[in-house]
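Heads up: the protein sequence lines correspond to chains S and A, in order. Sequence positions in the first sequence follow the numbering used here and run 971 to 1393. Sequence positions in the second sequence follow the numbering used here and run 971 to 1393.
There are 2 protein chains.
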Amino acid sequence: MRPFRTAEIIAVGSELLTPFKADTNSLVLTTRLNDLGILVAGKAIAGDDAEMLAALVRLALARVDLVVTTGGLGPTEDDVTREAVAGALALAMHEDPTLMRAIEARFERRGLAMPASNRRQAMVPDGAAVLVNPAGTAPGLWIDAGEQAVVLLPGPPREMRAILDGDLKPRLAARSGGPPVERRVISTTGRPESAVDEVVAPIYGAWRSGPLPITTTILAANGQIELHLSAASDGSDAARQRLDAAVGTLAGALGDIVFSVDGQPLEAVVGSGLRARGWRIAAAESCTGGGLLSRLTDIPGSSAYVIGGVVAYENAVKVADLGVPAAMIEAHGAVSEPVALAMAEGVRARLSADVGVAVTGIAGPDGGSAEKPVGTVVIAVAVIGRGPSVRTYSFLGDRAMIRTQSVVAALDLVRRALSSANP
Amino acid sequence: MRPFRTAEIIAVGSELLTPFKADTNSLVLTTRLNDLGILVAGKAIAGDDAEMLAALVRLALARVDLVVTTGGLGPTEDDVTREAVAGALALAMHEDPTLMRAIEARFERRGLAMPASNRRQAMVPDGAAVLVNPAGTAPGLWIDAGEQAVVLLPGPPREMRAILDGDLKPRLAARSGGPPVERRVISTTGRPESAVDEVVAPIYGAWRSGPLPITTTILAANGQIELHLSAASDGSDAARQRLDAAVGTLAGALGDIVFSVDGQPLEAVVGSGLRARGWRIAAAESCTGGGLLSRLTDIPGSSAYVIGGVVAYENAVKVADLGVPAAMIEAHGAVSEPVALAMAEGVRARLSADVGVAVTGIAGPDGGSAEKPVGTVVIAVAVIGRGPSVRTYSFLGDRAMIRTQSVVAALDLVRRALSSANP
C-alpha cells in the first residue's frame, strides 16, 4: 500500500465558529503526524452540519492520503461526524455490540441508567475499526478508504490525546512511510522581529531549495522571537548534522540575543544558570506584580534556587520590606534607577539570596507622565560580591504587553548577569 | 443587493500548518462579523499554495455570502493570496500607482531603497478596492463578486485589526442586513464542567428551537466554567430582555458558584468588592509563586486596592517575613491549615491590609506524600475584624494546572469572604 505522506485535519463543532474558542487540537495532532513523516497539507473547521462535513471529507480525500477529524462524536443530535463520514464514504452504519456493552458498563459502574441518546455512540460505519477511548465514552474510529483512511477522534483534548497516543499510534506508524520531520528552535529576546529577520533571512533563503529543503518560520510572542527550523529528514546522521549546522550558523549570526537552541524557555535557562553556580535568587516586583516570580517558579524543581520575594505594589512596602529609603523615592520617583538598584539589593540581602532582581515601572494605562510615559520600566540585578547592573526600558503596547515584556527583560538581565561573557 | 448573512474565513500561511501556530485572527474577525449580523459558517487554513487557496475560495463562494482571507499579502514569492483570489475570480491583475507610491514613500521616509520584491504588494486584481493599512505595507483589498465579496486582509494581527476597525468596518456595515448576534456570558468557578452542565442542560435545551433560538456553549478552562449564550437579535428590547431573562434563569439555578454575568474576570470581581468596601488586600504565596498577586494586578487601577505581598517559596521566608512560627511548620508541615492561616494573618498585619490571603500547597511534580499528595493546596483568607476562613483542596492535573486552579480558588475564597451572603 502507498504510505501516508499528507494529511488534512477537520475540527468539528459549532463552538469553533464562535469568537470564544480556537482549534488547538490540531497542533498536538500535527506534532504526532510530523513525527511519523506525515505533513499536514490543510485544515478546516466545520459546524455541526453533516452535509458540509461530508463535503469537506470528500474534498480532503481528493488531495491528501489521510483525513483526521476531531469532535462531533458525542451522544447528542448535534454530534454528526459518524453519519457525515459514513455518508462521504457511502458506507452504511450498524450498532457495534462490544461498544454498546462497554458504554452500558460505564453507566452501570456509576449506578446510572444509560440515557437512550448514548446508543448513538455505539453506531459505527461498516468496516470501521474501533480505537479505544480510555478517557471517555466516545470511541475513536479508523475507516479505510482504498489506499487512504479517515480517522475520527473525539473533541475533548484529553480524550483525543489518549487515543492518539494509544490505539492510533501503532496504526499510523504502520502506514506511514515518510521520513520524520526534524525540528530545531532558536529562541532570542532583546531585539524586534524585523531586526532578527534582517540578520537571518539572507542566510536561510539559500536553504529552501535542495534535496532536503530547510524551512524556517519566525514566531514573535511576548517579547521573544523564535526561529523554527524544520526539514524532512532521511533519518541519516548527515541530515541531522546538516540541521545542527544550520542552527549553529544562525545562532552565530544572532550572537548573545540567543538564549537557547534546544527549546528551553528563558526561565529554565536562568534556572540552569543559577543551579550551575549553586546560587539562589530573590525578586522584588512592582509593576509586574508577581509575574516574574510566578514565571521563575513555573519550572519544576525551582524551589532549589528560588527563595521567594516581595511584591511591593505600594511604595510603603518598598520602604518597610525592602529597605528603600523613603527620601530616595521622594527624590527620584519610584520608577528610577536608584530605587530599582535599592530594591534589588534590598531583596537580595533581606532574603539572604545570591542574586536579587527588581522591576519597577509604569504598566499603565494610568500613571504615566511626559518624563516617564507608560511603558517606562527599570530593571536591576544585584549579584553577591559583584557590581549591580541596571537598565531603563521603554516598552510599547498595552498593560499586559508591558508587563510581559518586563518579565522577559528581567529574566534576560539575570541571564546576562549569570553569563561570564556578559558579567 | 442581497445582504451578507454568512461568511467563511480562510487563514493563509504555511506556519499555520505547523505544530507551532494556531489561527487566532479568526476569533477577532468572528466577533466583528457577528456584531454586524454576519455568521461564520466555516473556516479553513491553507498553506502558501496558490492553487489550493484558489480552490478554497471558489468552494467558499459556493456556500457563503462573504469570504475573508487573512495572510499571504507580504512581498515575497510565498505570498500568494492576491494571485490566488484573482485566479479564483478569473480577474487580471494590474499595478496600482497610488499604492506603489505609498509603498515607495514608506521606504523613503526610513531612508531605504525599496526592494524590488515590494512591487508585488502594489499588484491588485482588476476592480479591487484598496483598504488602507495604517500599520504596515500590505494593504487590504475588497473585491466584489456579483452579490458576494472577497476581502483580503494581512496576517499580522495588529495590521489585520487596524484595517478591520478602519476601512473595512463601514463597507461591511453597509452590506450586512442581518440582526446583530447578542451575547451573554455566565462565569462560574468551584464545580466541574459536568456538574454545571447537569444543572443547565435541561433548562437551555428548550431554548434551541423557536423563532429566535438561543444557543448555549459551555467552555471550561483553567478552573473556570463559562456559559456563552448567543441569539440572533431582531434589535428589539424584547429580544434583549429575553436573553437577559435566560441569563437570570441559568444564574439562579447555578447559585453562588456564579461570579459574574457580564464577562468580568474573577480578579475584577474581587477588585470591585474590595473597592466597594474601601479595603486593601495583601497576599502570601507559596506554591503559586506570585501568580495570585500577578493576576490581581492584571486589572488597571488595581494599585488602589492591592498593597503587595510576599512570595514565600522557601520556609525561612514564611518564618522571617510572615511571622509563621517555625515550630508550627515543624508540627503541621508547610502545607497545613494552621500555617495557611498564620500566613494570611501575617501578611495582612505586616502590610497593614484589610484582607490577607495565603496559598500553600504542593504543585508537583515532586514533593507529594501519601498523606499530602501532589495537588494538595491550602488557602486561607483573613479579614480585619472577622474570623478567618481556610480550606484544603485536592486539585488534579499537572503543575501548571494545579497552580492555575490554586489562583482561581484563592480569588474565589476572597470573593466569598467579601460577599455578605457568604461571610
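Ideal Cβ positions, reconstructed from N, Cα and C, are used throughout, including at glycine. The structure displayed is predicted, hence computed values, not measured ones.
- When C-alpha distances from A1350 (chain S) are compared across S:R1002, S:V1378, S:S996 and S:A1312, the shortest belongs to S:A1312.
- Inter-residue distance for G1125 (chain S) and T1330 (chain S) is about 43 Å (C-alpha atoms, whole angstroms).
- Within chain A, the residues L997, T1000, T1001 and N1004 have their CB atoms less than 7 Å from the CB of P989 (chain S), given in chain order.
- Contact with chain A is absent for D1049 (chain S), since none of that chain's Cβ atoms lies less than 8 Å from the residue's Cβ.
- Measuring C-alpha to C-alpha distances from D1096 (chain A) to each of A:E1053, A:P1085, A:A1072 and A:G1081 identifies A:E1053 as the nearest.
- Taking all protein chains in view, the Cβ of H1064 (chain A) is surrounded by fewer than 16 other Cβ atoms within 10 Å, so the residue is classified as exposed.
- For G1233 (chain A), same chain residues with a beta-carbon under 6 Å away, outside a window of 5 residues either side, are V1155 in chain order.
- Rounded to whole angstroms, the gap between the alpha carbons of V1166 (chain A) and V1151 (chain S) is 42 Å.
- From the beta-carbon of G1271 (chain S), the residues of chain A found nearer than 9 Å are P1335 and D1336.
- Identification of chain S residues near M1022 (chain A) by a Cβ-Cβ cut-off of 8 Å yields A1011, G1012 and R1033, ordered along the chain.
- Within the stretch 1279-1291 of chain S, G1279, V1280, V1281, A1282, Y1283, E1284, A1286, V1287, K1288, A1290 and D1291 place their CB atoms closer than 9 Å to a CB of chain A, listed in sequence order.
- For Q1194 (chain S), DSSP records a beta bridge to S:T1159 and S:A1191.
- Residue contact check for R1369 (chain S) against chain A: a CB pair falls below 8 Å.
- By the neighbour-count criterion, in which 16 or more other beta carbons inside 10 Å mark a residue as buried, R1128 (chain A) falls on the exposed side.
- Per the C-alpha coordinates, the member of A:A1083, A:P1183 and A:L987 positioned closest to N995 (chain S) is A:L987.
- By the C-beta criterion, the stretch 1219-1235 of chain A is judged not to be in contact with the stretch 1319-1333 of chain A, since fewer than 3 inter-stretch pairs fall below 8 Å.
- Taken in chain order, the unbroken stretches of beta strand (DSSP E) that lie wholly in the stretch 1309-1385 of chain S and span 3 residues or more are 1325-1331, 1346-1353 and 1359-1364.
- Residues of the stretch 1338-1353 of chain A that bring their beta carbon within less than 8 Å of a beta carbon in chain S are absent altogether.
- Going by C-alpha positions, A1380 (chain A) is about 11 Å away from G1326 (chain A).
- Counting along the chain, E1255 (chain S) sits inside the beta strand (DSSP E) bounded by residues I1251 to E1255.
- If you keep only unbroken beta strand (DSSP E) runs of at least 3 residues inside the stretch 1066-1114 of chain S, you get 1093-1095 and 1099-1101.
- L1123 (chain A) is bridged by DSSP to A:T1040.
- Taking a contact as a CB-CB distance under 8 Å, the pair V1287 (chain S) and V1280 (chain S) counts as one, their CB atoms being some 7 Å apart.
- By the Cβ-count criterion, E1284 (chain A) is buried, with 16 or more other Cβ atoms from all chains shown falling within 10 Å of its own Cβ.
- Nearest neighbour of A1246 (chain S) by Cα position, chosen from S:L997, S:P1067, S:L1069 and S:R1385, turns out to be S:R1385.
- Of the residues assessed, G1261 (chain A) falls on the buried side of the cut-off, its CB having 16 or more other CB atoms within 10 angstroms.
- Chain A has no Cβ within less than 8 Å of the Cβ of G1057 (chain S).
- At a Cβ-Cβ threshold of 8 Å, E1315 (chain S) and A1352 (chain S) count as neighbours.
- Among the bridge pairs identified by DSSP, E1237 (chain A) is matched with none.
- When rounded, the separation of the alpha-carbon atoms in A1190 (chain A) and I1227 (chain A) is 14 Å.
- CA-CA distance, E1307 (chain S) to L1029 (chain A), rounds to 59 Å.
- Distance check between S1389 (chain S) and each of S:T1346, S:G1243 and S:G1007 places S:G1243 closest, using alpha-carbon atoms only.
- The stretch 1008-1024 of chain A makes contact with the stretch 1002-1012 of chain S: 3 or more CB pairs, one atom from each, lie closer than 8 Å.
- Note on geometry: alpha-carbon atoms of T1000 (chain S) and P1067 (chain A) lie some 42 Å from one another.
- In the structure shown, K1013 (chain A) falls within a strand segment according to DSSP collapsed to helix, strand and coil.
- For R1033 (chain A) and T1039 (chain S), the gap between their C-alpha atoms comes out near 21 Å.
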